[in-house]
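Beneath this line is the structure, given in structure tokens, with notes to follow.
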Amino acid sequence: MTTLQNEKVSALLDRLYEDEKVKDADPIQKLIADGRPPEEIGHEALNEMFEDAYLPVHRDIGNLMYVLCRTRNVRTVVEFGTSFAVSTIYLAAGVKDNGGGKVIGTEVMPSKIEVADRNLAEAGLTEYVEIREGDALKTLADLEGPIDLLLLDAWKDDNLTVLKMLEPVLAPNALVLGDDVNLARWLWQPYLEHVNGPEYATVELPIGDGLVLSTRLS
């Protein structure tokens with residue numbers, strides 16, 4: 279039995295996804311009503327707007343991440359955008375079932391980290407996760423690697439900057455996942471041009487709001 283099939287973990291994920299339906303509806307409607315593109319609103323205002331929102335990966339993406347972790351024997355994961363740790367649970371479950379390792383998460387909102395810590399404790403995955411509070415461009419700057427899997431799931435206009443910062447410590451053939459490529463797609467264009475270049479093999483998958491799956495060519 280996998281960690282995701284554990285009754286306690288499965289029930290926790292069910293509860294979190296149900297809560298997401300309630301918590302995320304209002305801020306999403308506020309964003310739509312605002313009418314401005316995200317880059318005009320700014321990260322600080324967006325963080326406040328979505329302070330109580332989950333913004334989780336789609337369930338199918340979560341399950342795919344677990345399978346990728348297991349298939350590639352992933353030991354070190356970096357997650358840009360932890361929120362309430364829904365995606366972290368899938369990643370940490372994969373690392374745990376591979377025999378151990380670490381998911382290094384990033385989150386700017388202290389209140390979200392508190393909830394994430396509780397969720398990870400309930401899932402029995404605390405020892406496999408380290409969440410770094412603050413701007414990822416600072417909190418991830420000292421990583422030594424090698425990183426086996428990188429999940430980019432925070433504000434989209436930072437994805438390419440974070441990826442380029444971490445490229446020197448990506449493992450050969452590391453996996454890089456960009457979530458929600460079909461949301462504010464214009465913000466993704468520099469990133470998509472980069473991962474469709476000669477250093478990566480990339481495919482877009484129609485799961486959730488779109489997933490960009492890349493492998494760094496060694």
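Residue numbers 279 to 496, in the numbering used here, belong to the letters of the sequence shown in order. Every residue gets a Cβ at the ideal spot worked out from N, C-alpha and C, and that includes glycine.
- Val447 is positioned such that its CB atom lies no closer than 8 Å to that of Val473.
- DSSP links Ser361 through a beta bridge to no other residue.
- Boundaries of the alpha helix (DSSP H) around Asp395: 388-401.
- When the beta-carbon positions are compared, Leu444 and Leu418 come within less than 8 Å of each other.
- For Gly340, the enclosing alpha helix (DSSP H) covers residues 337-349.
- For Glu326, the closest alpha carbon among the candidates Asp304, His336, Val345 is that of Asp304.
- According to the DSSP assignment, Thr439 belongs to the alpha helix (DSSP H) that extends over 437-444.
- Lys434 sits buried, since 16 or more C-beta atoms from the chains shown fall within 10 Å of its C-beta.
- Taking a C-beta distance under 8 Å as the contact criterion, Gly383 and Thr360 qualify as a contact pair.
- In the three-state reduction of the DSSP assignment, Pro316 falls in the helix class.
- Taking all protein chains shown into account, Trp464 has fewer than 16 neighbouring C-beta atoms within 10 Å of its C-beta and is therefore exposed.
- Inter-residue distance for Val440 and Val300 is about 31 Å (C-alpha atoms, whole angstroms).
- DSSP places Gly372 in the helix class (H, G or I) of the three-state scheme.
- Asp330 and Pro484 have their C-alpha atoms some 27 Å from each other.
- By the beta-carbon neighbour count (other beta carbons within 10 angstroms, threshold 16), Asp457 is buried.
- Per DSSP, the continuous beta strand (DSSP E) segment holding Leu483 begins and ends at 478-483.
- Apart from the 5 residues on each side of it in sequence, Asp413 sits with its Cβ closer than 8 Å to the Cβ of Val386 in its chain, given in chain order.
- Excluding the 5 residues flanking it on each side, Ala479 has same chain C-beta neighbours closer than 8 Å at Ser492, Thr493, Leu495, in chain order.
- Around the beta carbon of Leu294, a 10 Å sphere encloses 16 or more other beta carbons of the protein chains shown; the residue is thus reported as buried.
- Distance from the CA of Glu296 to the CA of Leu290, rounded to the nearest whole angstrom, comes to 10 Å.
- Scanning Glu422, Tyr368, Gly340, Lys442 for the CA closest to the CA of Leu398 turns up Tyr368.
- DSSP places Leu324 within a helical segment (H, G or I) once states are collapsed to three.
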